Amino acid sequence: MGPITAGVLQLVALTGALALVHIPLGNHLARVYSSRRHLRIEKWIYKGIGADPDTEMTWTAYLRGVLAFSAVGVLFLYGLQRLQGVLPGSLGFDAIDPDQAFNTAVSFVTNTNWQSYYGEQAMGHVVQTAGLAVQNFVSAAVGMAVAVALVRGFARSRSGELGNFWSDLVRGVVRVLLPLAFVAAVVLVACGVILNFSGIHEVGQFMGGSQQWNGGAVASQEAIKELGTNGGGYFNANSAHPFENPTPFSNLFEIFLILVVPFSLPRAFGVMVGSVRQGYAILAAMGTIWLGFVALMMWTEFSHHGPAFDLAGGAMEGKEVRFGIGGSSIFAVSTTLTSTGAVDSFHSSFTGLGGGITLLGMMLGEIAPGGVGSGLYGMLIMAVIAVFIAGLMVGRTPEYLGKKIGTREIKLAALYILVTPALALVLTAFAMALPTPAHSMTNSGAHGFSEILYAYTSAANNNGSAFAGLNADTQWFNSTLGLAMLFGRFVPIVFVLALAGSLARQTPVPATAGTLRTEKPLFTGLLVGAILIITGLTYFPALALGPLAEGLA
């Protein structure tokens, strides 16, 4: 079997598996967030944190819950890292430096998981499990809660209430992420991923010196790392490390984990708003972009010409032989079109155009299918923009799911889509203009520019993957990337919840002959076109200076 055929078969198998679980998981998600019943363990948690799960919240109260919970998470994780030297299970590692501790705390709380450290050489068992792994669960649950609040904004009328943040948060962890992560961890252990609390031990001789590895609860963290679209690896090599991702099957399974919840949320959206066809329209837009990007990535990586490429079957530099170009291409597209950031290959070693595809995937806003929760609310924001554009074209007040898209709504949607490009492009400009940040670049020219553009795009969009080649463990990058992650996560959430509150207060308008049918393929095409055009116009000059210039050279 040739490498191209193998890659296509992996794509077919993955698509089939996602299609198989779409309806049952989507229906389960809708039931979780619509139920009025509380499990016993959930009641214990509510009592412990002093929350009333039955109290309805306005968008401002919901936002206060999101921000307060996240602020506590940042402080706790920062303190845990700073105290690592005196904690049990530290494996002898010292406390993390202040700037790196800030960067890492913000990174994991914002579901970014950007890592400017070597995991196996910096973090002990307590920080990994009690700090980072916990945030992998709760940061993903926060994203789902915000997405559900926006869905309720479309589904409810004349109330302005969006549910209860604490209830949504706890249910997301207890009823969705924990059970799925448990099953996934068992599968990963069966594939050969390690799960232990062993210390540092010597595994043999390497080039005249000893080679040492430390163990860890890798399988359990790997499961939620992918399932929650987090991406932070236990080891520096991330999912290219054989302890995290040992076989081609485990590689495909991890891609499945990355995509399964984001691709199932549109079904939950359709059920909750009372029209599963609306969910299918959103799903079709997500799937079209994802499949298109995978096909384009495979083409760029397989068709590169030259004797070395021909002998290897394509551009194999920076890719694991056990995964090949097909598996690496699917993983790279899936991790950058979601907010995962996990890598099983070095994106810096992809072809010039291939690296550009990974950049563009993040620049779209990671909405195809996007992060857990963040992908759905990002796509719904783009649906609001697309409806507005259609309204301008026909001279009619735009409506979406019976809600009028007026001045307030379109301003909030516009502000949402402007935040991350502003952060990524402005900080990239500062880093290129100042003398010190440029010293962190391994490469010069277009590729060096791509390294810095990729870093800030990854941080602002809460992705977390790195282009590789950039030394980001400096005070400048730890601080500015940390700020990009903070603003890139929470400023858009402000606009999302404000939009949800505005929609929930409206009285639905009846559909008429002039109403745009947003469940039809025509709207799906309009939505995909709007996403690509808006992103292209925003980022094209930067892409032209980086990956496009390199790819065409």
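So that you can map any letter, position 317 of the sequence shown is 808 in the numbering used here, and since no number is skipped, the others follow by simple counting. Heads up, the beta-carbon is just placed ideally off N, CA and C, and yes, glycines get one too. Since the structure is predicted, the reported quantities are computational estimates derived from the model, not experimental observations.
Mapping the DSSP letters down to three states, classify residue i as helix, strand or coil.
i              : result
tyrosine 609   : coil
methionine 548 : coil
leucine 750    : helix
alanine 1022   : The sequence shown places isoleucine at residue 1022, rather than the alanine named in the question. Correct three-state label for isoleucine 1022: helix.
glutamate 745  : helix
serine 689     : coil
leucine 582    : coil
leucine 520    : helix
glutamate 792  : helix
asparagine 934 : coil
serine 836     : strand
tyrosine 725   : coil
lysine 895     : strand
lysine 810     : strand
leucine 961    : strand
glutamate 890  : strand
glutamate 652  : strand
asparagine 705 : strand
lysine 902     : helix
Would you kindly work out how many angstroms separate the C-alpha atoms of residue i and residue j, rounded to a whole number?
i                 : j                 : result
valine 1008       : leucine 718       : It is arginine, not valine, that sits at residue 1008 in the sequence shown. When rounded, the distance between both Cα atoms is 33 Å.
glycine 1016      : glycine 869       : 17 Å
alanine 510       : threonine 831     : 20 Å
glycine 610       : isoleucine 587    : 12 Å
glycine 578       : threonine 595     : A quick correction: the sequence has leucine, not glycine, at residue 578. Between leucine 578 and threonine 595, the C-alpha separation is close to 18 Å.
threonine 933     : phenylalanine 940 : 10 Å
proline 494       : asparagine 742    : 16 Å
leucine 668       : alanine 632       : 8 Å
arginine 527      : proline 860       : 28 Å
alanine 993       : glycine 651       : Per the sequence presented here, residue 993 reads as serine, with alanine not at that position. Roughly 7 Å between the two C-alpha positions.
methionine 789    : alanine 1002      : 43 Å
phenylalanine 584 : alanine 621       : 16 Å
tryptophan 919    : leucine 867       : For clarity, residue 919 is threonine in the given sequence; the question names tryptophan instead. Near 27 Å, if we compare the C-alpha coordinates of leucine 867 and threonine 919.
alanine 806       : isoleucine 540    : 52 Å
glycine 707       : isoleucine 536    : 28 Å
valine 674        : glycine 564       : 26 Å
leucine 500       : lysine 538        : 50 Å
alanine 833       : leucine 623       : 15 Å
leucine 554       : glycine 498       : 43 Å
histidine 938     : alanine 728       : 21 Å
glutamate 745     : glycine 886       : 46 Å
Going by beta carbon distance, what residues of the same chain come within less than 6 Å of residue i, once the five residues before and after it are set aside?
i              : result
tyrosine 907   : Ile872, Pro983 and Phe986
threonine 791  : Thr842, Leu844 and Gly845
histidine 732  : Phe726
threonine 779  : Val1019
serine 840     : Glu808 and Gly809
threonine 911  : Ala951, Asn952 and Gly979
glycine 815    : Pro494
isoleucine 896 : Val875, Val878, Phe879 and Pro889
arginine 662   : Val523
Hey, out of the options, whose CA is closest to residue i's CA?
i                 : options                           : result
glycine 936       : Gly818, Ala1035 and Arg666        : Ala1035
alanine 786       : Pro494, Met492 and Leu502         : Leu502
alanine 521       : Ala681, Gly770 and Ser598         : Gly770
proline 1012      : Gln591, Arg768, Glu713 and Arg813 : Arg768
leucine 828       : Thr919, Phe784 and Phe793         : Phe784
threonine 1101    : Ile1025, Val875 and Leu914        : Residue 1101 lies beyond the residue range present for the chain, which begins at 492 and ends at 1044; the question has no answer from this structure.
proline 589       : Gly663, Leu1039 and Tyr608        : Tyr608
isoleucine 599    : Gln612, Val625 and Ala613         : The identity of residue 599 in the sequence shown is phenylalanine, whereas the question assumes isoleucine. Checked all of Gln612, Val625 and Ala613; the closest Cα to phenylalanine 599 is Val625.
proline 739       : Thr620, Ala995 and Ala504         : Ala504
methionine 1033   : Gly723, Leu748, Ala915 and Asn518 : Here residue 1033 turns out to be alanine, not methionine, going by the sequence shown. Minimum Cα distance to alanine 1033 is reached at Ala915.
threonine 601     : Ala559, Val834, Gly580 and Lys534 : Ala559
phenylalanine 981 : Val834, Leu686, Gly556 and Ile773 : Gly556
Ordered along the chain, which non-local residues of its own chain (more than five positions away) have a Cβ less than 8 Å from that of residue i?
i           : result
glycine 582 : According to the sequence shown, residue 582 is leucine rather than glycine. Counting only Cβ-Cβ distances below 8 Å, and skipping sequence neighbours, we find Gly615, His616, Gly690, Ile691 and Asn705.
valine 512  : Val751 and Ser755
leucine 530 : Val665 and Arg666
Leaving out the 5 sequence neighbours to the left and right, which residues in its chain are closer than 7 Å to residue i when beta-carbon positions are compared?
i              : result
serine 931     : Leu961, Asn962, Ala963, Thr965 and Phe968
proline 999    : Ser648, Gly893 and Lys894
histidine 838  : Ala823, Gly846, Thr849, Ser956, Phe958 and Ala959
alanine 1004   : none
glycine 1042   : Thr842, Gly843, Leu844 and Gly847
threonine 1006 : Glu890
valine 863     : Ala631, Gly634, Met635, Gly719, Thr720, Val752 and Pro753
Just checking, does the segment 960 to 978 make contact with the segment 931 to 947 on the three C-beta pairs under 8 Å criterion?
Counting C-beta pairs with one atom in each stretch, the segment 960 to 978 and the segment 931 to 947 have three or more that are closer than 8 Å, which means they touch.
If we count Cβ pairs, one from each stretch, closer than 8 Å, do we get three or more for the segment 890 to 903 versus the segment 985 to 1004?
The segment 890 to 903, when compared against the segment 985 to 1004, does touch it at the 8 Å Cβ threshold.
Is there contact here, the segment 574 to 584 with the segment 914 to 926, by at least three beta-carbon pairs under 8 Å?
No, the segment 574 to 584 is not in contact with the segment 914 to 926.
Report yes or no: do three or more beta-carbon pairs, one from the segment 853 to 870 and one from the segment 812 to 822, lie closer than 8 Å?
No contact exists between the segment 853 to 870 and the segment 812 to 822.
Below 8 Å, can you find three or more Cβ-Cβ pairs linking the segment 547 to 557 to the segment 626 to 642?
Because the criterion of three Cβ pairs below 8 Å is met, the segment 547 to 557 and the segment 626 to 642 touch.
Counting pairs of beta carbons, one from the segment 706 to 713 and one from the segment 647 to 664, are three or more of them closer than 8 Å?
Touching, no, given that fewer than three Cβ pairs across the two stretches are closer than 8 Å.
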